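Protein chains in written order, with the numbering used here: chain U, 12 to 509; chain X, 12 to 509; chain G, 12 to 509.
Beta carbons: idealized from backbone N, C-alpha and C, even for Gly.
These numbers were taken from a predicted model, which means no experiment stands behind them.
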Amino acid sequence: MISKIKLVYLILFISIAGLSSIIPQKKEKANQISDETKSCIDCHESVTPGIVSDWKLSRHSQFTFQEALKKTPLEKRVSSKSVSDNLNTVVVGCYECHSLNTKNHADNFEHYGYSINVIVSPKDCSTCHIEEYEQYSGSKKAHALDNLRKNPVYSALVESIDGVKQVDKLNIKNLPASHFSKNETCYACHGTEVKVEGKKIIHTETDDIEVPKLTNWPNQGVGRINPDGSYGACTACHPRHSFSIEVARTPYTCGQCHLEPDVPAFNVYKESKHGNIFDARKDLWEWSAVPWVLGKNFNAPTCAACHNSLLTSASGDVIVKRTHDFGARLWVRIFGLIYSHPQPKSGKTYEIKNKDGLPLPTTFGNVKADEFLLTKDDQAKRKSEMEKVCLSCHNTDWVEGHFEKFDNSVMEADKMVEASTKLLSEAWNEKLADNKNPFDEPIEQRWIKQWLFYANSVRYGSAMGGPDYAAFKNGWWELSNNLSEMHLMIRLMQNAKK
Amino acid sequence: MISKIKLVYLILFISIAGLSSIIPQKKEKANQISDETKSCIDCHESVTPGIVSDWKLSRHSQFTFQEALKKTPLEKRVSSKSVSDNLNTVVVGCYECHSLNTKNHADNFEHYGYSINVIVSPKDCSTCHIEEYEQYSGSKKAHALDNLRKNPVYSALVESIDGVKQVDKLNIKNLPASHFSKNETCYACHGTEVKVEGKKIIHTETDDIEVPKLTNWPNQGVGRINPDGSYGACTACHPRHSFSIEVARTPYTCGQCHLEPDVPAFNVYKESKHGNIFDARKDLWEWSAVPWVLGKNFNAPTCAACHNSLLTSASGDVIVKRTHDFGARLWVRIFGLIYSHPQPKSGKTYEIKNKDGLPLPTTFGNVKADEFLLTKDDQAKRKSEMEKVCLSCHNTDWVEGHFEKFDNSVMEADKMVEASTKLLSEAWNEKLADNKNPFDEPIEQRWIKQWLFYANSVRYGSAMGGPDYAAFKNGWWELSNNLSEMHLMIRLMQNAKK
Amino acid sequence: MISKIKLVYLILFISIAGLSSIIPQKKEKANQISDETKSCIDCHESVTPGIVSDWKLSRHSQFTFQEALKKTPLEKRVSSKSVSDNLNTVVVGCYECHSLNTKNHADNFEHYGYSINVIVSPKDCSTCHIEEYEQYSGSKKAHALDNLRKNPVYSALVESIDGVKQVDKLNIKNLPASHFSKNETCYACHGTEVKVEGKKIIHTETDDIEVPKLTNWPNQGVGRINPDGSYGACTACHPRHSFSIEVARTPYTCGQCHLEPDVPAFNVYKESKHGNIFDARKDLWEWSAVPWVLGKNFNAPTCAACHNSLLTSASGDVIVKRTHDFGARLWVRIFGLIYSHPQPKSGKTYEIKNKDGLPLPTTFGNVKADEFLLTKDDQAKRKSEMEKVCLSCHNTDWVEGHFEKFDNSVMEADKMVEASTKLLSEAWNEKLADNKNPFDEPIEQRWIKQWLFYANSVRYGSAMGGPDYAAFKNGWWELSNNLSEMHLMIRLMQNAKK
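This is the structure:
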């Protein structure tokens, strides 16, 4: 019998002082790897060793679809009912993913005797994960690229920000934004349209290889349009090639794009009580468990817990179902637009038409485009879904009090934006600025900050309990200070015009 | 005998690949749970499973007061000498806390046959933790709400920031700040006054329940005024219902409120060498140990180590005693006010009267309200207490050099504020701004930034070794840039007035 | 045989609920500690217990040079071939480091019978780590102090920021910056020149001790000039007295100085996919392994992985060699100067002379000082070194696409700075500002922000995949907004001048 104290020393030895690695060196199931995948690994283990070792860490290298199907309904991680025979009894290796639906893949090429797609798309992932694919495909995330570029208002904003400016004396000229610049900024999160423009030769250490010439690549934005025509990038959250649920579930993943100043969700979370407990306790949590059991696997909400994971109580009751439409538990939209409004009915927000004929959910004066937005009943259903998560730890009175405060914050933040809109209108009326492009002059940019940064921050700070973001950090302080600076700016411009 | 290498695999298996949970699933001591608490759990295990599982993780579910008393003086976590018999031999469950001092609790109600308080207050916690209660009750934290709302200067600042602004042509009107807005910003950290306004019916999934109707709720601010008249919220740092010392001790807890731009303590810590070591090593530290043994349980200072924990050396010598007056080791106040000054004698800072008759520790021109502030002797005693922590790892020369730099930073930051105060006075003198409300015009808001954001940052950056906050991040760069922009703003306003 | 389930409970017990410490309490090798070091410990174990326990955690307390030499070439952590006999067979204790090269140490003093240097310098560390010392000594980091203070342009910037300003009516006077202020800001990272000005008596709890009187101390800046004349501070990254490779390797260490707004490397990393994986997985990584094995010891790049560590694949192939010239894998310089440019040939950048005769790598109008900068060939070599790291996980096409985007970002960010330079020139030409000091007026400070904060952020965001920093967080948004506010500022100043 090993003594407690020896065990302590052994564990200390193991965990800190000694062995060369504590990353679990899983053995892939060699006899269940397809011959094709073995061929891939033969070369790639030496040319790109990092991704091969990532894959070996993954569940994909450990389980066949057949095995994955045997899990109980709540434990199941695949949602398709069946796959073709050749995929059923092998683990999910390189070839199994990179050889799917080749006819639709403009990025397909012949690679050492195999027909390979460069990009594995959500459509390909749907082979095993059909429900996740379907939920995602209808969401705002899937259409995040088109929601920018097919919307002339947003396109103008992108061009105004990302275009190189040329100065000649005191004239500023805005050049069209390069695709590079858009790809490194807005489209890095929203996604690019990856196209194939013929072939090219790449020179590697070992060989010259002909590969498809991809444009707008690399990119992992959530609304990427893939060479097979599908929308999205599962790898935005489940990074190659471990495709880990653990990584995807951490708030750091969401925090790559949902962060201040425009979408301060991650920042607010970090300074909330929930984030405080997460930071202090996360190492004790079981990040890979399916279902995710409240109080057993984790002790405080995370982004995933509230917005998409399947949660159960310790006694096995389902609290909320899994969804890969990340807006499915949201009823009001609190960022990215001039005023808050009910969530849109469709993920394709560029199809909205407001009273002014623009693809925006409200007018400049805050009239809602009701027919494109959730009804009060639909909003109530979504809110009640979210509240199921809250009510697992807080009583009804608490939760009601929380959302009463939140509703007020949303409303008052809108009023502060309205105040700035009126000042901007005055500036336009007095010809102190030109509304042809509403995004390129200082007074207009102050107005943008009011809704895109500060009103958002107040709403997020209120939604998730991060008071600094409702106060001094991009919150009420800035809303009030920016408004008074807009006012002074107008006075000074009036004087300069005299 | 289990082999080392097998053990490695077992541990890897356990900690990463396998079991559904690594959160310790402590068994509460069933035979020592009171019958009343058992009744609570019977329902709440299904209606609010999260908090029941939190409690099961807590020491409260593991130990009776009688057992807690048996610890050695340095290891003891309770400070009261005795409790009533009914509390002595049961673990600290729902009922034990929610049924105390019911007569003083305006939030008491009858709940399925039991007399229950909604809110457990610091006064209730003092049943077992009397010293912590007494230390805390006299501190600035306990009076954090009154220190804002009973001080007309601060009230005006809050109203100026949090009030909705209405714009009519070019006139801006500031409406009174709503209680919602104050509760989501300033009062979220400072605390609200929770009152009871009759009863209300809440509709839960299982029942309709009559509960006290609380106002300004939920809130966990440090200066919350509770329905039993007591001040503070222990849950601000020891979150419900694990009441964990581990969570409270992490800098993330302090970082919920002490963060940039107004109180950048957490931000500065994170980029200091101390924070660097914390981030790299924290997973190896023993966060729950009492006393906290330097070099054995932790290797670098944290907020708690310097400001309130009981620390001993490995040989058992006491370095500093525990205190729940978080200012007890502080001698100079470096944030939140126009100029730095000796710490106030009392936690009730609204009782200060300066030479101008205002409840501020200095005048506008930086004359100190000496009689309300620590004497040089008292300051020296406090500083020497703090230095005991520093001297555990640094030699005397080092520590002296550090505080010599700090003293200079405090002094020079004040001078930079004084410079901005002079510019503001000029603006007022020339009627470019109206000093009736000193917080609502652009030139005034620039002045606020100078002391509330930038001078603070320089002092914090210097106090804790985070040079970026003393330099480009809200530090000297902003102090100098903001001053020159104030100057230009005045010139332009002068011109516009002509 | 211990059962799995019991083991689980034991481990849970050990790691969370129970033992007073999980920091490995290594036993120093008592018989191999020199007598001198034993004397040091005898006192310092009680007067500065923290640093003694840090040392006990270190490899220095565990291994003699003789033992360290026996490692295989890739595993070796010492680079000197031999040391003197008295150092060879004892562990590396207090005396072994603090008694080296005493004749060159102006900070040497007699301390209880021993001849002790206060500061252990890189020159001292080179006794065992000669290669690291030599690589470092030629780097920009080693000369970071002189690169500021011997460069009149940078000196003027430092003085403009750090000097106390006095206001008299509407005149602002900039006093010379105090050495304290410089030491707490710029020099905290860049390093101070530590000098010895005689002796002083310090009063400790136990004794009055005569010690060297050091100036500009304490400091651990990377370019510190030490009392033995050597450059640098190994402790900037390897903190006293554990001198840990684990701590040095974490991005938190680099993040003490390389952070926003001027050098947002750490911030960008945290929000990149690489940082996302780091944050989610870091606890499973083996931070102390030498060599650092990709896929076995770590799964995603960190600062150290890309910029200085010795990396091998699981099969033992060297990916990149270790270097302590942290610029050795860099080809273009993207921060700290007006325009990007090829990395300088020498670490002493104050020796550069551009076409205007200034020690800057470009002129104000962006003409490069070519003879002081890397040739295209040298740049290509450096880039190819970095790409070896990228190519371990990404294919050639991906890596090429990434750097194509990066090159464009660097170029376009420069163009945006050029636009602001033209506006500033206009302001100077029209006498709206005075170019005698180009750093102290609002329009000039706006120009500084353009290159020192915003253009840098775009380049870093692009280099490491943190799109927020290329977009709204100090990126393109600010570049465009700041430019238009510069333009308005000029218009308003023109008007005020009329």
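(request) Could you tell me if Gly-61 (chain X) is buried or exposed, where buried requires 16 or more neighbouring beta carbons within 10 angstroms of its beta carbon? (result) The residue you call residue 61 (chain X) lines up with position 50 of the second sequence. Buried, because 16 or more other Cβ atoms sit within 10 Å of the Cβ of Gly-61 (chain X).
(request) Measure the CB-CB distance between Thr-373 (chain X) and Ala-380 (chain X) and report whether it falls below 8 Å. (result) To locate residue 373 (chain X), count along the second sequence from 1; it is residue 362. To locate residue 380 (chain X), count along the second sequence from 1; it is residue 369. Yes. Within cutoff.
(request) Give the DSSP-derived three-state secondary structure of Lys-151 (chain G) in the structure shown. (result) As a first step, residue 151 (chain G) must be located in the third sequence, where it is residue number 140. Here Lys-151 (chain G) sits in coil by DSSP.
(request) Could you work out which residue in G:Gln-231, G:Thr-215, G:Lys-210, G:His-214 is closest to Lys-224 (chain G) when comparing CA atoms only? (result) As a first step, residue 224 (chain G) must be located in the third sequence, where it is residue number 213. Of G:Gln-231, G:Thr-215, G:Lys-210, G:His-214, the residue nearest in Cα terms is G:Lys-210.
(request) Use the C-beta contact count for Val-274 (chain U): other C-beta atoms within 10 angstroms, 16 or more gives buried, fewer gives exposed. (result) In the first sequence, the residue the question calls residue 274 (chain U) occupies position 263. The residue in question, Val-274 (chain U), is buried, as its Cβ has 16 or more Cβ neighbours within 10 Å.
(message) I believe Val-205 (chain U) touches Asn-162 (chain U) by the beta-carbon criterion, under 8 Å. Please report the beta-carbon distance rounded to the nearest angstrom.
(response) Looking up residue 205 (chain U) in the first sequence gives position 194. Looking up residue 162 (chain U) in the first sequence gives position 151. The Cβ separation is near 21 Å, so there is no contact.
(request) Flag Pro-229 (chain G) as yes if its beta-carbon sits less than 8 Å from any beta-carbon of chain X, otherwise no. (result) Reading the third sequence from its first residue, position 218 is the one you call residue 229 (chain G). At least one chain X Cβ lies under 8 Å of Pro-229 (chain G).
(message) Please report the distance separating the alpha-carbon of Ile-13 (chain X) from that of Lys-284 (chain X).
(response) Within the second sequence, residue 13 (chain X) is the residue found at index 2, counting from 1. Within the second sequence, residue 284 (chain X) is the residue found at index 273, counting from 1. Unreliable placement is indicated for Ile-13 (chain X), whose pLDDT of 40 sits below 50; the coordinate value is still reported in the next sentence. So the two alpha carbons sit approximately 41 Å from each other.
(request) Under 7 Å between beta-carbons, which chain X residues line up against Cys-404 (chain U)? List them in chain order, please. (result) In the first sequence, the residue the question calls residue 404 (chain U) occupies position 393. Thr-59, Gly-61, Ile-62, listed in chain order.
(request) Can you grab the Cα-Cα spacing for the pair Met-497 (chain U) / Ile-183 (chain G), in whole Å? (result) As a position in the first sequence, residue 497 (chain U) is number 486, starting the count at 1. As a position in the third sequence, residue 183 (chain G) is number 172, starting the count at 1. If I take the Cα positions, the gap works out to 26 Å.
(message) Does Val-279 (chain U) pass the burial test, meaning 16 or more other C-beta atoms within 10 Å, or should it be called exposed?
(response) As a working mapping, residue 279 (chain U) is identified with position 268 in the first sequence. Per the 10 Å Cβ criterion, buried.
(request) Use the C-beta contact count for Thr-261 (chain U): other C-beta atoms within 10 angstroms, 16 or more gives buried, fewer gives exposed. (result) Here residue 261 (chain U) corresponds to residue number 250 of the first sequence, with the count starting at 1. Buried: at least 16 other Cβ atoms inside 10 Å.
(message) So that I know if they touch, is there some Cβ in chain U lying closer than 8 Å to that of Asp-192 (chain X)?
(response) Mapped onto the second sequence, residue 192 (chain X) falls at position 181. This sequence places Ser at residue 192 (chain X); Asp is not what is there. So yes, Ser-192 (chain X) belongs to the interface.
(request) Quick one: give me the first and last residue of the alpha helix (DSSP H) that Tyr-471 (chain X) is part of. (result) By one-based count along the second sequence, residue 471 (chain X) stands at place 460. Where Tyr-471 (chain X) is concerned, the enclosing alpha helix (DSSP H) stretches over 467-475.
(message) Is Ser-32 (chain U) close to chain G? Criterion is C-beta to C-beta, closer than 8 Å.
(response) Translated into the one-based positions of the first sequence, residue 32 (chain U) becomes position 21. Per-residue confidence for Ser-32 (chain U) stands at a pLDDT of 43, beneath the threshold of 50, marking its modelled position as unreliable; no derived number is given.
(message) Short of 8 Å in beta carbon distance, which residues of its chain neighbour Val-58 (chain U), apart from the five on each side in sequence? Order them along the chain.
(response) Counted from its first residue, the first sequence places residue 58 (chain U) at position 47. Once the five neighbours on either side are set aside, the close Cβ partners of Val-58 (chain U) are Thr-215, Glu-216, Thr-217.
(message) Taking beta-carbon pairs under 9 Å, can you tell me which members of the region 318-342 of chain U lie near chain X?
(response) Ser-324, Ala-325, Ser-326, Asp-328, Ile-330
(request) Kindly say whether Lys-176 (chain X), judged by its beta-carbon, lies nearer than 8 Å to any beta-carbon of chain U. (result) Along the second sequence, read from residue 1 onward, the residue named residue 176 (chain X) stands at position 165. Answer yes: the Cβ-Cβ gap between Lys-176 (chain X) and chain U drops below 8 Å somewhere.
(request) Measure the CB-CB distance between Met-500 (chain G) and Ile-459 (chain G) and report whether it falls below 8 Å. (result) Within the third sequence, the letter at position 489 stands for residue 500 (chain G). Within the third sequence, the letter at position 448 stands for residue 459 (chain G). Not closer than 8 Å, so no.
(message) Rounding to the nearest angstrom, what Cα-Cα distance links Pro-355 (chain U) and Asp-294 (chain U) in this structure?
(response) Within the first sequence, residue 355 (chain U) is the residue found at index 344, counting from 1. Within the first sequence, residue 294 (chain U) is the residue found at index 283, counting from 1. Cα to Cα, the separation comes out at about 37 Å.
(message) Comparing C-alpha positions only, which one of G:Cys-105, G:Pro-133, G:Asn-99 sits nearest to Asn-115 (chain G)?
(response) If you number the third sequence from 1, residue 115 (chain G) lands on position 104. For the residues G:Cys-105, G:Pro-133, G:Asn-99, the minimum Cα distance to Asn-115 (chain G) belongs to G:Pro-133.
(message) Please give me, in chain order, every unbroken run of the beta strand (DSSP E) with length at least 3 that falls completely inside the region 205-233 of chain G.
(response) 206-214, 219-226
(message) Taking 6 Å as the limit between beta carbons, can you name the residues of its chain near Gln-146 (chain U), skipping five residues before and five after?
(response) On the first sequence, position 135 is the one that residue 146 (chain U) refers to. If we look at Gln-146 (chain U) and ignore the five residues flanking it on each side, its Cβ neighbours are Thr-334, His-335, Asp-336.
(request) With 8 Å as the threshold, decide whether the Cβ of Leu-1 (chain X) is near any Cβ in chain G. (result) Nothing can be reported for residue 1 (chain X): it is not among the residues displayed for chain X, which extend from 12 to 509.
(request) Indicate the three-state DSSP secondary structure (helix, strand or coil) for Ser-32 (chain U) in the structure shown. (result) Counting from 1 along the first sequence, the entry for residue 32 (chain U) is found at position 21. Reliability fails at Ser-32 (chain U), whose pLDDT of 43 lies under 50, so the model's placement of it is uncertain and the value that follows must be treated cautiously. Three-state DSSP puts Ser-32 (chain U) in coil, outside helix and strand.
(request) Measure the CB-CB distance between Val-410 (chain X) and Glu-398 (chain X) and report whether it falls below 8 Å. (result) Taking the second sequence and counting its residues from 1, the one referred to as residue 410 (chain X) is at position 399. Taking the second sequence and counting its residues from 1, the one referred to as residue 398 (chain X) is at position 387. Their beta carbons are under 8 Å apart, which means Val-410 (chain X) touches Glu-398 (chain X) by this criterion.
(message) For a quick check, are the C-beta atoms of Thr-100 (chain U) and Thr-138 (chain U) less than 8 Å apart?
(response) Mapped onto the first sequence, residue 100 (chain U) falls at position 89. Mapped onto the first sequence, residue 138 (chain U) falls at position 127. Their beta carbons are not under 8 Å apart, which means Thr-100 (chain U) does not touch Thr-138 (chain U) by this criterion.
(message) With a threshold of 8 Å between beta carbons, is Gly-266 (chain X) in contact with chain U?
(response) Position 255 of the second sequence holds residue 266 (chain X). Output row for Gly-266 (chain X): interface = yes.
(message) Against chain G, with Cβ distances strictly below 8 Å, would Leu-270 (chain U) count as a contact?
(response) Translated into the one-based positions of the first sequence, residue 270 (chain U) becomes position 259. With 8 Å as the cut-off, Leu-270 (chain U) counts as an interface residue toward chain G.
(message) Does the region 477-488 of chain U come into contact with the region 474-493 of chain G, if we say contact requires no fewer than three beta-carbon pairs (one atom in each stretch) closer than 8 Å?
(response) no
(request) Can you tell me which of X:Glu-86, X:Ser-436, X:Cys-401 puts its alpha carbon nearest to the alpha carbon of Gly-376 (chain X)? (result) In the second sequence, counting from the first residue as 1, residue 376 (chain X) sits at position 365. Among X:Glu-86, X:Ser-436, X:Cys-401, the Cα nearest to that of Gly-376 (chain X) is on X:Ser-436.
(message) Just to confirm, is the Cβ distance from Val-164 (chain U) to Leu-443 (chain U) under 8 Å?
(response) As a first step, residue 164 (chain U) is located in the first sequence; it is residue number 153 there, counting from the start. As a first step, residue 443 (chain U) is located in the first sequence; it is residue number 432 there, counting from the start. Cβ atoms of Val-164 (chain U) and Leu-443 (chain U): not closer than 8 Å.
(message) Looking at the secondary structure, which residues open and close the alpha helix (DSSP H) in which Gln-456 (chain G) lies?
(response) Counting from 1 along the third sequence, the entry for residue 456 (chain G) is found at position 445. Residues 453-459.
(message) Could you compute how far the alpha carbon of Thr-457 (chain U) sits from the alpha carbon of Asn-493 (chain U)?
(response) Position 446 of the first sequence, counting from 1, holds the residue named residue 457 (chain U). Position 482 of the first sequence, counting from 1, holds the residue named residue 493 (chain U). The residue you asked about is not Thr; residue 457 (chain U) is Arg in the sequence shown. Computed Cα separation, rounded: 7 Å.
(request) At 3 residues or longer, and completely inside the region 300-334 of chain G: list those beta strand (DSSP E) runs for me, N to C. (result) 329-331
(message) Only counting the same chain, and skipping five residues up and downstream in sequence, which positions put a Cβ closer than 7 Å to that of His-318 (chain X)?
(response) As a first step, residue 318 (chain X) is located in the second sequence; it is residue number 307 there, counting from the start. Once the five neighbours on either side are set aside, the close Cβ partners of His-318 (chain X) are Phe-337, Arg-340.
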